[in-house]
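Chemist:
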Amino acid sequence: MLYTSTRDHSIRVTAAQAITQGISEEGGLFVPCGMPSFSLNKIVSMADMPYTQRAKTVLREFLTDFSEEELDYCVNGAYRTDKFSSPATAPTVQVTENMNVLELWHGPTCAFKDMALQILPYLMAVSAKKTADGKTIVILVATSGDTGKAALEGFKDVENTKILVFYPVDGVSNMQKLQMVTQEGENVSVCAVNGNFDDAQSAVKSIFTDSAVKATLADKNMMFSSANSINWGRLVPQIVYYFSAYCDLITDGRISAGDEINVVVPTGNFGNILAAYYAKKMGLPIKKLICASNANNVLTDFLKTGKYNKNRSFYTTSSPSMDILISSNLERLLYHLSGENDRLVSKLMSDLSEKGEYTVSSAIKDKIHELFDAGYTPESDVDKTIKKYFEKYGYLLDTHTAVAVNVYENYVERTGDNIPTVVDSTASPYKFPKSVLCAVSDFCGGSDEFATAQKLSEITNTEIPKPLLSLKDKAVRFTNVCSKDNMSDMVFSLLKL
Ligand SMILES: *Cc1c(COP(=O)(O)O)cnc(C)c1O
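Residue 451 is where the sequence shown starts when you use our numbering, and the numbers rise one by one after that.
1) Between the region 872-885 and the region 915-928, are three or more C-beta pairs nearer than 8 Å?
2) Report the partner residues of residue 519 according to the DSSP bridge assignment.
3) Do you know offhand how far residue 797's Cα is from residue 606's?
4) Would you say residue 947 and residue 554 are within 9 Å of each other, going by their C-beta atoms?
5) Measure the CB-CB distance between residue 872 and residue 849 and report whether it falls below 9 Å.
6) Quick one, which of 841, 857, 897 and 560 has its alpha-carbon nearest residue 909's?
7) Roughly how many angstroms lie between the CA atoms of residue 634 and residue 457, to the nearest whole one?
8) Could you tell me how far apart the beta carbons of residue 737 and residue 711 are, in whole angstroms, since I believe they sit closer than 8 Å?
9) Could you compute how far the alpha carbon of residue 720 sits from the alpha carbon of residue 518?
10) Helix, strand or coil: which one does DSSP assign to residue 799?
11) Would you list, in sequence order, the uninterrupted beta strand (DSSP E) runs of no fewer than 3 residues that lie entirely inside the region 663-728?
12) Among residues of its own chain, excluding the 5 on either side of residue 706, which ones have a beta-carbon nearer than 8 Å to its beta-carbon?
13) Excluding five sequence neighbours on each side, which residues of the same chain lie with their C-beta closer than 6 Å to the C-beta of residue 944?
14) Taking residue 643 as the reference, give the member of 594, 816, 475 and 926 with the closest Cα.
15) Return yes when the C-beta of residue 730 is under 8 Å from any heavy atom of ligand 1, and no when it is not.
16) Report all residues from its chain with a CB closer than 6 Å to the CB of residue 452; omit the five preceding and five following residues, and keep chain order.
17) Helix, strand or coil: which one does DSSP assign to residue 624?
18) By how many angstroms is the C-alpha of residue 479 removed from the C-alpha of residue 418?
19) Can you tell me whether residue 823 is buried or exposed, with buried defined as 16 or more other CB within 10 angstroms of its CB?
20) Spell out the partners DSSP gives residue 404 in its beta bridges.
21) Excluding the five sequence neighbours on either side, which residues of its own chain have a C-beta within less than 7 Å of the C-beta of residue 905, listed in chain order?
22) Along the chain, where does the alpha helix (DSSP H) that runs through residue 892 open and close?
23) Looking at ligand 2, does it come within less than 8 Å of residue 562, judged from the CB to the closest heavy atom?
24) According to DSSP, which residues form a beta bridge with residue 739?
25) Once the 5 residues before and after residue 802 are set aside, which same chain residues still bring their CB inside 6 Å of it?
26) Suppose the cutoff is 8 Å on Cβ atoms and the five residues either side in sequence are ignored; what does the same chain contact list for residue 734 look like?
27) For ligand 1, is there a heavy atom less than 8 Å away from the beta-carbon of residue 540?
28) Beta-carbon separation of residue 698 and residue 566 under 9 Å?
29) Between residue 767 and ligand 1, is the CB less than 8 Å from at least one heavy atom?
30) Please identify the residue among 624, 821 and 749 whose C-alpha is closest to the C-alpha of residue 922.
31) Under the DSSP definition of a beta bridge, which residues are partnered with residue 757?
32) State whether the region 671-691 contacts the region 564-580, with contact taken as three or more CB pairs (one from each stretch) at a distance under 8 Å.
33) Would you list the residues sitting across from residue 552 in a DSSP beta bridge?
34) I'd like to check one pair, residue 709 with residue 869: are the Cβ atoms closer than 9 Å?
35) Between residue 527 and the rest of its own chain, which residues show a CB-CB distance below 6 Å, the 5 nearest in sequence each way excluded?
36) Among 860, 781 and 671, which residue has its Cα nearest to the Cα of residue 835?
Now the structure itself:
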């Protein structure tokens with residue numbers, strides 16, 4: 451399997467090159483040149499496997515330059531039972547008759563980002579051995595809250611790597627901030643940015659493609675790579691859990707092999723739902739991919755109308771990991787749905803950066819409507835949804851998952867389509883204890899995040915995840931702040947160049 455770029459179809463690289471480089475030289479994203487196809491028999495055969503082997507079965511098809519031993523090293527290192535608090539790794543929990551919640555947050559940082567970022571350092575280490583000839587890899591991350599911590603935890607003290615994380619100063623929850631500023635490890639740095647996630651992400655992307663900066667690094671025998679979902683190594687492990695959830699539904703007798711399901715994804719950068727799209731392309735019987743946004747609904751507007759317009763107000767919401775106006779991975783979808791038209795994608799992306807908007811043809815729009823449904827949840831409905839599911843079904847949703855559940859309810863009401871459905875649950879409710887406590891009780895807790903979490907635990911009779919509880923006693927290590935315009939200076943200073 452070789453990979454090309456969404457903006458230059460003449461490029462061909464191996465999986466190892468795509469993973470170490472992170473982003474293509476001209477700014478495009480790496481995409482596979484073909485798509486493996488899984489028969490129903492093959493999917494059913496995965497039902498008997500533990501998560502690690504399900505992962506290996508999918509990864510093998512995309513990482514064809516990895517040996518069986520290398521794949522074993524990656525999946526066994528990543529999905530260890532001492533790192534994931536559920537023996538199933540990502541359990542599928544039935545909540546209502548047809549709604550199943552895929553809990554993707556049992557990893558060390560309590561968000562779904564662990565599903566990919568626990569394995570990415572292994573994929574990167576193997577890839578670097580094949581391609582990076584001894585260079586130190588500098589992982590540069592822009593985070594809307596969860597990626598930063600998950601990447602820090604995945605890459606801490608990994609040989610031949612350094613990791614620098616930038617988070618928007620007012621754009622993350624207290625718990626998310628605490629997780630990052632207390633991060634341990636010799637090769638890690640964290641910096642707050644005065645700006646929002648889009649500012650941080652755009653600055654990171656331009657640092658990546660700045661040839662002067664790259665030359666300075668090369669002089670020191672270093673190279674950049676990315677742990678954001680622009681990196682193919684982030685996406686491919688996310689395809690796995692859609693197959694895994696489908697297998698779980700078969701095993702539990704909730705569907706028969708071959709039955710179609712719907713998938714609902716709380717979406718920000720479009721990585722998670724794009725992985726579901728790839729799973730569908732590979733033959734997983736998914737009927738609709740249902741994309742859920744919060745009040746920042748640029749993406750769901752696009753999926754409905756074919757016009758992407760980021761010139762609009764930006765809202766800071768209770769689901770901060772979805773507070774995004776530029777969804778990077780949409781570029782990959784546009785590439786596939788336009789018949790792999792790299793020139794069109796380049797044009798749309800330059801329209802986006804110059805004018806803040808673009809419109810796709812009606813042919814592309816029709817394809818989108820065949821595959822996707824979309825909706826958004828206003829802030830006031832997030833609380834109501836958390837409260838309803840706790841009171842009626844005894845199930846505690848985090849704010850991001852609540853956005854998805856509300857969109858799903860509206861979808862069923864509008865279409866009558868209530869086939870078995872998987873809703874991705876992307877974070878533990880304890881990452882956002884204040885918002886969740888507010889939703890299920892009459893008080894919202896004070897400024898002490900841990901007292902709030904404790905209260906939530908008492909009221910709901912659920913447990914605070916250990917990794918969050920342990921933050922209480924950790925020292926703050928990082929207090930740097932920079933502006934979006936001097937992020938590259940900060941990179942040099944943190945790398946001591
Ligand atoms: C990152 C994140 C999302 C959005 O996922 P994308 O792949 O960026 O669309 C949703 N919920 C949570 C909790 C997240 O951390």
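Positions of the beta carbon are idealized from the N, C-alpha and C atoms, including for glycine. Keep in mind it's a predicted model, so treat the numbers as computed, not measured.
Modeler: Walking through what the data contain:
1) Yes, since at least three Cβ pairs between the region 872-885 and the region 915-928 fall closer than 8 Å, the two stretches touch.
2) For residue 519, DSSP assigns no beta-bridge partner whatsoever.
3) A direct Cα-to-Cα measurement between residue 797 and residue 606 gives close to 38 Å.
4) Not a contact, by the Cβ cut-off of 9 Å.
5) Using a Cβ distance threshold of 9 Å, residue 872 and residue 849 do not count as a contacting pair.
6) Closest in alpha carbon position to residue 909, among 841, 857, 897 and 560, is 841.
7) A direct Cα-Cα distance of roughly 38 Å separates residue 634 from residue 457.
8) Indeed, because the Cβ distance is near 7 Å, the residues count as touching under 8 Å.
9) Roughly 30 Å between the two C-alpha positions.
10) In the structure shown, residue 799 sits in a helix (DSSP, three-state: H, G or I).
11) Correct list: 672-676 and 711-716.
12) For residue 706, same chain residues with a beta-carbon under 8 Å away, outside a window of 5 residues either side, are 700 in chain order.
13) Taken in chain order, the residues that qualify are 614 and 639.
14) Checking every option, the nearest Cα to that of residue 643 belongs to 594.
15) No, the Cβ of residue 730 stays beyond 8 Å of every heavy atom of ligand 1.
16) 462 and 483, listed in sequence order.
17) The three-state secondary structure of residue 624, taken from DSSP, is helix.
18) There is simply no residue 418 to check, as the chain begins at 451 and stops at 947 in what is shown.
19) Counting Cβ neighbours within 10 Å, residue 823 comes out buried, since at least 16 surround it.
20) Residue 404 lies beyond the residue range present for the chain, which begins at 451 and ends at 947; the question has no answer from this structure.
21) Cβ neighbours of residue 905 beyond the five flanking positions: 887 and 895.
22) For residue 892, there is no enclosing alpha helix (DSSP H), as DSSP marks it with neither H nor E.
23) In the structure shown, ligand 2 is absent; the only ligands present are ligand 1.
24) For residue 739, which the question treats as bridged, DSSP gives the partners 713 and 822.
25) The answer, listed in chain order, is 808.
26) So the list reads 488, 493, 692, 693 and 696, once near-sequence residues are dropped.
27) No, since every heavy atom of ligand 1 falls outside the 8 Å radius drawn around the Cβ of residue 540.
28) No, Cβ-Cβ distance for residue 698 and residue 566 is not below 9 Å.
29) No; taking the cut-off as 8 Å, the Cβ of residue 767 has no heavy atom of ligand 1 nearer than that.
30) Nearest C-alpha to residue 922 among 624, 821 and 749: 624.
31) Note: residue 757 sits in a beta bridge opposite 809.
32) By the Cβ test, the region 671-691 is in contact with the region 564-580, since at least three Cβ pairs between them sit closer than 8 Å.
33) According to DSSP, which records beta bridges pairwise, residue 552 is partnered with 542 and 874.
34) Yes, the pair counts as a contact, with Cβ atoms nearer than the cut-off.
35) Here residue 527 has 572 as same chain residues with Cβ atoms under 6 Å from its own Cβ, once five neighbours each way along the sequence are excluded.
36) The shortest C-alpha separation from residue 835 is found at 860.
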